[in-house]
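2 protein chains.
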Amino acid sequence: MHDTLYRVFLKFKFSEEKANLIANIFTDNTLAGVNSHGINRVPLFIEYVINGSIKIDAEAEKIGSFGSIERWDGNLGPGIVNATKCTNRAIELAKQNGMGLVALKNTNHWMRGGAYGWQAANEGCISILFTNTQPNMPPWGGKESRIGNNPLIVSIPRENGHVVLDMALSQFAFGKINDYKLRKEKLPIHGGWDLNDELSNDPEKILIKERGLPIGYWKGSALSIILDMLSTLLSGGDSTYKIGMKDFETGISQVYLCIYPSIFHDTNLQEKLLNEIIDYTHNVEPMKEGDQTYYPGEQSMRNRVRNMINGMSVSEVVWNNILRLLDN
Amino acid sequence: MHDTLYRVFLKFKFSEEKANLIANIFTDNTLAGVNSHGINRVPLFIEYVINGSIKIDAEAEKIGSFGSIERWDGNLGPGIVNATKCTNRAIELAKQNGMGLVALKNTNHWMRGGAYGWQAANEGCISILFTNTQPNMPPWGGKESRIGNNPLIVSIPRENGHVVLDMALSQFAFGKINDYKLRKEKLPIHGGWDLNDELSNDPEKILIKERGLPIGYWKGSALSIILDMLSTLLSGGDSTYKIGMKDFETGISQVYLCIYPSIFHDTNLQEKLLNEIIDYTHNVEPMKEGDQTYYPGEQSMRNRVRNMINGMSVSEVVWNNILRLLDN
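For the record, the sequence lines run as chains A and B.
Quick note on our numbering: the first sequence kicks off at 1 and runs consecutively.
Quick note on our numbering: the second sequence kicks off at 1001 and runs consecutively.
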């Protein structure tokens, strides 16, 4: 998969270095079981390259520095490249100062935000990362989608498998809702609003107007608004409001905050405390026999192991679409 | 209210300074309309003083310093006093370094976390604050409450009214669920699990086993676990697991992170960006005629104004209980 994607990106004029990095992340996201932001997303990524939303040669650059806080301009470069660079910079700042923050404006979709949470954890850093998006949920009480599902990532390094939360603020992604629709199933809980402005678990009805439900109803709506505010004002970039006025979802704003817990010189204690929490939440009697509870990031790690052994499962339609990109 | 509470706290041997601060915050929380963590909570606070969970003379002290990150030990002092002090310290660190973090262990309930978000915003600081709690929700898939509703506060200073999110990770507080029970009403949405391990909106059934629903179902469960991990390992303090083993909810762990956005020297731009987001989410057509959308903290500010004009509404039973504390 990496080799094929690498050739696709070279064909679309990416430098070897960028083609390699982007192919790595798309492949890695698929390996983690997140096909929606891995292999399935490649054709849309190429569309954004073709329509000019993603500038293949643009480089993110530092535009301001204030102690352990920096502002970067992504110059509309590929989101994956900008995100990797800014995560790396936040890690460096954290290793120097205990804590570092990079606010990035004018970037593009980072695909799976969790990838950068794992990147930070692999370097021994805690990370808190978030991005704004185009509008896809109504602010609580409103009729029209005007807030983003603004994914929030929190990661903690751990010897026996990092803890990584990677969570959009919508209860379900529209892609997931569409899967239910294709299977002619209802959602297990509310996922958005129907045409009559009633909360609904009917995928067909929700998808007509694409008004997704925020996690926690009014609570996630408020969290979405304030994460958009933080991304926007820390980076000086575009808000969900401005992004929604564009033809494509581009020029978004993101925050990368890293903390280096090794400064405390009690790594063993930290491991012990983490494992206590994991054991306590694991060793609970399941509600439904055979069910299991997981810590954040555990399922993604298991997917990775399973896919390393059995290979990744990829839709034939998607794979053929990608091969066709190499044809002409 | 302040004068009465001040006399109560003096009677229970608090220093004048602490009695004044604690009376201020309880009164202010009530003024903001949060009686549950204002006036209504005073009798329980005094119970904790009497049973020794809250050490009235204990002072929070710095136990470690790593650049702009500090670790503090609350020594089981009053949560309000410790929280005010640590917020103040995080503000100082942020003004010196752009960003500051204080991790606090061995503290007590801070009552309304939002109070410290407002405190930071009044000093021109962004804040991200969170605390762990005793277990009150099941980890997703589990049968027993083993994770906390770990309130999360995010605040942003703004000229025409700060933006302050103050959000527990439970969909409803048990106190709120009890209000529905007393009114013999069902919750508008799921609020927890019934005795048959089914999601329920029946307050009576939920309250028997007190298994609250996390916001966003599995998502809030994961967020709760990771905030507990951050509070615990950054402070080196007790996790929800350890707190749950105690007779009372005491010795909890908290994080105070402040950012000083004035370092960017573009306050006018920041105000403009914030107001754009507020206007966009405000000016949406409401789903139900006459309804309105709010930005985080707006309703609390309105409550304050209304209560300043009309006086605060306080339960007679609660008020008489407090007066009785002065009697003997």
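All C-beta atoms in this analysis are idealised placements derived from N, C-alpha and C, irrespective of residue type, glycine included.
Since this is a predicted model, take the numbers as computed values, not measurements.
query, result
"Residues that Asp1166(B) bridges to, as DSSP identifies them", "Ile1153(B)"
"Cross-chain neighbours of Met1287(B) in chain A, by beta carbon under 7 angstroms", "Gly141, Gly142, Lys143 and Asp197"
"Pairwise C-alpha distance: Pro1157(B) and Gly212(A)", "29 angstroms"
"CB contact flag (Tyr1295(B), Ile1322(B), <7 angstroms)", "no"
"Ranges of the beta strand (DSSP E) found wholly within the segment 229-291 of chain A, counting only runs of at least 3", "252-259"
"Residue nearest to Asn29(A) in terms of C-alpha spacing, selected from Phe14(A), Ile80(A), Lys209(A) and Asn51(A)", "Ile80(A)"
"Beta-bridge pairing of Lys1105(B) - partner residues as DSSP gives them", "Asp1073(B)"
"Contacting positions in the segment 268-279 of chain A - beta carbon closer than 7 angstroms to chain B", "Leu269, Gln270, Leu273, Leu274, Glu276 and Ile277"
"Chain B contact for Ser15(A) (CB, 7 angstroms cutoff)", "no"
"Neighbour-count burial assignment, Gly52(A), 16 or more Cβ in a 10 Å radius", "exposed"
"Whether Gly98(A) touches Phe1066(B) by CB criterion (7 angstroms)", "yes"
"Alpha-carbon to alpha-carbon, Trp1118(B) and Ser1155(B)", "7 angstroms"
"Short Cβ contact (7 angstroms threshold) for Arg304(A) with Ala32(A)", "yes"
"Distance between Leu129(A) and Asp3(A) (C-alpha atoms, nearest Å)", "29 angstroms"
"Alpha-carbon to alpha-carbon, Gly191(A) and Glu204(A)", "11 angstroms"
"Short Cβ contact (7 angstroms threshold) for Lys1105(B) with Gly1236(B)", "yes"
"Cβ-based contacts, 7 angstroms cut-off: residues of the segment 99-112 of chain A near chain B", "Met99 and Leu101"
"With 16 other Cβ atoms within 10 Å as the buried cut-off, status of Asn320(A)", "exposed"
"Val1014(B) vs Ile1056(B) beta-carbon contact at 7 angstroms", "It should be pointed out that residue 1014(B) corresponds to Phe in this sequence rather than to Val. Cβ distance < 7 angstroms, so Phe1014(B) and Ile1056(B) count as in contact."
"Cβ-based burial, Lys242(A) [other Cβ within 10 Å; buried from 16]", "buried"
"Where the beta strand (DSSP E) through Glu61(A) begins and ends", "Glu61 to Phe66"
"Beta-carbon proximity list for Ser1262(B), same chain, < 8 angstroms, skipping 5 on both sides", "Gly1124"
"Proximal residues of chain B, C-beta to C-beta of Asn321(A) below 7 angstroms", "Residues of chain B passing the Cβ test: none, with the nearest at roughly 31 angstroms."
"Three-state secondary structure assigned by DSSP to Ile1226(B)", "helix"
"Distance CB(Tyr116(A))-CB(Ala83(A)) smaller than 7 angstroms", "yes"
"Top-ranked residue by Cα proximity to Gly1100(B), from Arg41(A), Ile126(A), Ile153(A) and Ile69(A)", "Ile69(A)"
"Chain A contact for Leu1165(B) (CB, 7 angstroms cutoff)", "yes"
"Min CB distance Leu233(A) to chain B below 7 angstroms", "yes"
"DSSP state of Leu1129(B) mapped onto helix, strand, coil", "strand"
"Whole-number beta carbon distance between Ile1259(B) and Ala1094(B), since they are thought to touch under 8 angstroms", "6 angstroms"
"Any chain B beta carbon closer than 7 angstroms to Asp291(A)", "yes"
"CB-CB length for Pro138(A) against Ser145(A), believed under 8 angstroms", "6 angstroms"
"Separation of Leu1187(B) from Gln1292(B), as counted between CA atoms", "21 angstroms"
"Contact set between the segment 1195-1227 of chain B and chain A, restricted to residues whose Cβ is under 7 angstroms from the partner", "Asp1197, Ile1215, Gly1216, Tyr1217, Lys1219, Gly1220, Ala1222, Leu1223, Ile1225 and Ile1226"
"The alpha helix (DSSP H) enclosing Ser1015(B), as first and last residue numbers", "First-last for Ser1015(B): undefined, no H or E at that position."
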